[in-house]
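Asker: Residue numbering for the sequence shown follows the numbering used here, starting at 1 and increasing by one per position. This is the structure I have questions about; it appears just below.
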Amino acid sequence: MGATVDWLRTTTPGLLVLCGLAIAVLLLAIIKVKLEPFIALLLTGLALALAAGLPVNKIVGTAIKSGDSLLETGFGGILGHIAVIIGLGTVLGAILERSGGADVLTGKLLGLFGERGAPIAMGLLGLILGIPVFFDIGIFVLAPLIYVAAKRGGRSLVLYAMPMLAGLSMTHAFLPPHPGPVALGGLLEVSLGWLILMGFVCGVPGFIAAGLVWGSWIGRRIQVEVPEEFLVREENGTEDPKAAPHVATIGAIIAVPLVLILGATFGTQLLDKNSRLLQVLTFLGTPAVALLIAVLIAFYVLGVRRGASVQQLGTLTAESLRPVGMLLLVVGAGAFFGKVIAATGIGAALANTMSAAGLPVIVLAYLISCGLRIAQGSATVAIVTTGGIVAPLVAGHGYSQAAIALIAMAIAAGSIVLSHVNDGGFWIIQKYFNLTVKQTLQSWTVLETVLSVVSFAVAAALFAIVG
1 MGATVDWLRT
11 TTPGLLVLCG
21 LAIAVLLLAI
31 IKVKLEPFIA
41 LLLTGLALAL
51 AAGLPVNKIV
61 GTAIKSGDSL
71 LETGFGGILG
81 HIAVIIGLGT
91 VLGAILERSG
101 GADVLTGKLL
111 GLFGERGAPI
121 AMGLLGLILG
131 IPVFFDIGIF
141 VLAPLIYVAA
151 KRGGRSLVLY
161 AMPMLAGLSM
171 THAFLPPHPG
181 PVALGGLLEV
191 SLGWLILMGF
201 VCGVPGFIAA
211 GLVWGSWIGR
221 RIQVEVPEEF
231 LVREENGTED
241 PKAAPHVATI
251 GAIIAVPLVL
261 ILGATFGTQL
271 LDKNSRLLQV
281 LTFLGTPAVA
291 LLIAVLIAFY
301 VLGVRRGASV
311 QQLGTLTAES
321 LRPVGMLLLV
331 VGAGAFFGKV
341 IAATGIGAAL
351 ANTMSAAGLP
361 VIVLAYLISC
371 GLRIAQGSAT
381 VAIVTTGGIV
391 APLVAGHGYS
401 QAAIALIAMA
411 IAAGSIVLSH
421 VNDGGFWIIQ
431 KYFNLTVKQT
441 LQSWTVLETV
451 LSVVSFAVAA
461 ALFAIVG
């Protein structure tokens, strides 16, 4: 027995077996036992640390001092990086949605593209509004607008829904301030500016292939009518069009944090490190500061100037932040799990095995993320778990920020592959767009897979150049 334990803790094959067992237990806890991912990740991380023989004081600290324990540094390190960003991003999305920005963008895009180009307009709507708005909230907000467009166009609901869903999924998986990309920024120590840049570079081709090409093809082959009860919002609408914000205002507010963050990223490449301008760009382009500026602008332009009181804005902020708590706990627990993997030496064992097999780190990152996504359904769990596993493989290897951002894109791409019945988003889409389970598999599941594969292919090709 003792020899077996020593083999598991001290040899490369043994450490890989430990890692495989830990992931199997994690998936069993989430899929079969139905534990919340936060609890499952925390329990699995603790069990793996003990099984690998890590000292208790290193895992949880002591009664007197615990600040440098894996538990606290795992949670605290990542949450210190992402909590403010996700919180501010959530508030920004809420004020843009509540102000009627989605309706304004829809009207403008439909006017530009006309009835025949309405599916493309819906895709761009999902892409633009998906930057500040979470995926499921985006569906809730945009679904009624999709119903109206499909009813007016007289074509299948699938033809209009798929491009919009591709836009929402692409931004949710690849772009800050969404939780997955932000968490990867902390786990892999890559700037959000590079993640934004590579997110667009890798995600947009995937969006075109999945949303516009595949969405158009499958939308002409699956005929789904818009039920009359889905059109209640249009019939009973009471919004005053004069009170709606201008589309340029919505676009500018969404662009503010992206431009500021990218300004800081490119500033570090183009300006002298002692430059006063670089200091200004760095301050304004810090993600938390950039998002705070955007939120304050939105509060004033979309709130105060349109008659909202500070109290009303405070209520909106509180309401929008309520769902964020569990999300942050899942990310924190995933980061702790990753810290344990690094501390046990499993990360180094994986690196040695990967080198021996000749498998590039970007391919390994994608395959691990795909496996976790398919097995348990949650994109966030797939991202934070894979990020923790891959982080030791990236650290100390001299990869550029661009290369690390591409590895992050591979993880993000894997986290959305093959959405099926264990994914909550699958059932939201099936319900909101009047699809059967078979039709959802034929349309949405394939769309996610196309988006994943194409985006990963772009990331892998670029990694071969810059890696």
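Ideal Cβ placement from N, Cα and C applies to all residues, glycine included.
1. Looking only at C-alpha atoms, which of LEU451, SER69, PRO13 sits nearest to LEU168?
2. Buried or exposed for SER369, please, with buried defined as at least 16 other CB atoms from any protein chain shown within 10 angstroms of its CB.
3. For PRO241, count neighbouring C-beta atoms within 10 Å of its own C-beta (all shown protein chains included) and say buried if the count is 16 or more, exposed if not.
4. Is the number of C-beta pairs between the region 213-231 and the region 187-196 that are closer than 8 Å three or more?
5. Please state the DSSP three-state secondary structure of GLU228.
6. Flag this pair as touching only if the region 68-84 and the region 100-107 have three or more C-beta atom pairs under 8 Å; answer yes or no.
7. So, at 7 Å on beta carbons, what are the nonlocal neighbours of ILE196 in its own chain, with the 5 sequence-adjacent residues on each side left out?
8. Which ranges does the alpha helix (DSSP H) cover as unbroken runs of at least 4 residues, wholly within the region 44-79, from first to last along the chain?
9. Pop quiz: ILE85 and PRO287 are said to be a contact at Cβ under 8 Å. What is the actual Cβ separation, rounded to whole angstroms?
10. Can you tell me whether TRP7 is buried or exposed, with buried defined as 16 or more other CB within 10 angstroms of its CB?
11. Return yes when the C-beta of HIS420 is under 7 Å from any heavy atom of the ligand GTP, and no when it is not.
12. Can you tell me where the alpha helix (DSSP H) holding PRO163 begins and where it ends?
13. Name the two residues that bound the continuous alpha helix (DSSP H) containing GLU448.
14. Could you tell me whether the region 136-151 touches the region 30-47, using the rule of 3 or more Cβ pairs below 8 Å?
15. Would the region 272-284 and the region 154-174 be scored as touching if the rule is three or more Cβ pairs under 8 Å?
16. What does a CB cutoff of less than 6 Å around LEU159 pick up in its chain, not counting 5 residues either side in sequence?
17. When the distance is taken between beta carbons, is VAL417 closer than 8 Å to PRO205?
18. Between which two residues does the alpha helix (DSSP H) carrying SER320 extend?
19. Between the alpha carbons of THR265 and VAL33, how many angstroms are there, rounded?
20. How big is the Cα-Cα spacing for SER400 and ILE407?
21. Would you identify the three-state DSSP class for ARG9, choosing helix, strand or coil?
22. To which residues of the same chain is LEU26 closer than 7 Å at the C-beta, ignoring the five residues directly before and after it?
23. Between which two residues does the alpha helix (DSSP H) harbouring THR487 extend?
24. For my contact list, MET170 and PHE207 are in at a C-beta cut-off of 8 Å; report their separation, rounded to the angstrom.
25. Helix, strand or coil, according to DSSP, for VAL17 in the structure here?
26. What is the rounded straight-line gap between the Cα of THR385 and the Cα of GLY334?
27. My output table needs one value for GLY203: the three-state DSSP class, helix, strand or coil.
28. Output yes or no for whether 8 Å exceeds the beta carbon distance between LEU124 and ALA149.
29. With distances taken from CA atoms, which of HIS178, ALA22, PRO392 is nearest VAL331?
30. Beta carbon of ILE341, beta carbon of VAL301: below 8 Å?
31. Under 8 Å, do ALA410 and ALA460 count as touching if we go by C-beta distance?
32. Where does the unbroken alpha helix (DSSP H) through TYR432 begin, and where does it stop?
33. According to the neighbour-count rule (16 or more other Cβ atoms, all chains shown, within 10 Å of its Cβ), is ALA464 buried or exposed?
34. Do you know how far the Cα of SER415 is from the Cα of ILE128?
Answerer: A quick look at the data gives this:
1. Nearest C-alpha to LEU168: LEU451.
2. Around the beta carbon of SER369, a 10 Å sphere encloses 16 or more other beta carbons of the protein chains shown; the residue is thus reported as buried.
3. Here the model assigns PRO241 a pLDDT of 49, short of 50, so the residue's position is not dependable, and the following value carries that caveat. Classified as exposed, PRO241 has fewer than 16 neighbouring CB atoms from the shown chains inside 10 Å of its CB.
4. At 8 Å Cβ cutoff, the stretches do not touch.
5. Helix, per DSSP.
6. Touching, no, given that fewer than three Cβ pairs across the two stretches are closer than 8 Å.
7. LEU175, PRO176, LEU258, ILE261, LEU262.
8. Runs of the alpha helix (DSSP H) inside the region 44-79: 56-60.
9. Their Cβ separation, rounded to whole angstroms, is 5 Å, which keeps ILE85 and PRO287 in contact under 8 Å.
10. Using a 10 angstroms sphere on the CB of TRP7, the tally of other CB atoms stays under 16, which defines it as exposed.
11. Ligands in the displayed structure: none, and consequently the ligand GTP is not present.
12. Segment 157-174, the alpha helix (DSSP H) holding PRO163.
13. Note, GLU448: alpha helix (DSSP H), 446-466.
14. With the rule of 3 Cβ pairs closer than 8 Å, the region 136-151 does not count as touching the region 30-47.
15. Below 8 Å, too few C-beta pairs join the region 272-284 and the region 154-174 to call them touching: fewer than three.
16. Residues of the same chain with a CB within less than 6 Å of the CB of LEU159, apart from the 5 flanking positions on each side, are PRO119, GLY219 in chain order.
17. No. Outside cutoff.
18. In the DSSP assignment, SER320 falls within the unbroken alpha helix (DSSP H) covering 310-321.
19. Put simply, the backbone Cα of THR265 is about 44 Å away from that of VAL33.
20. Here the alpha carbon of SER400 sits roughly 11 Å from the alpha carbon of ILE407.
21. Three-state result, ARG9: helix.
22. ALA40, LEU41, THR44, listed in sequence order.
23. The requested residue 487 does not occur in the structure, where the chain is confined to residues 1 to 467.
24. Confirmed, Cβ separation roughly 4 Å.
25. DSSP places VAL17 in helix when its eight states are reduced to three.
26. Using only the alpha carbons, I get a separation of about 5 Å.
27. DSSP places GLY203 in the helix class (H, G or I) of the three-state scheme.
28. Cβ distance not < 8 Å, so LEU124 and ALA149 don't count as in contact.
29. For VAL331, the closest C-alpha among the options HIS178, ALA22, PRO392 is that of HIS178.
30. With respect to VAL301, ILE341 sits apart: the two C-beta atoms are not nearer than 8 Å.
31. Between ALA410 and ALA460, the gap from beta carbon to beta carbon is short of 8 Å.
32. Counting along the chain, the alpha helix (DSSP H) containing TYR432 begins and ends at 424-432.
33. Within a 10 Å sphere around the beta-carbon of ALA464 sit fewer than 16 other beta-carbons, which makes this residue exposed.
34. Distance between the alpha carbons of ILE128 and SER415 is about 21 Å.
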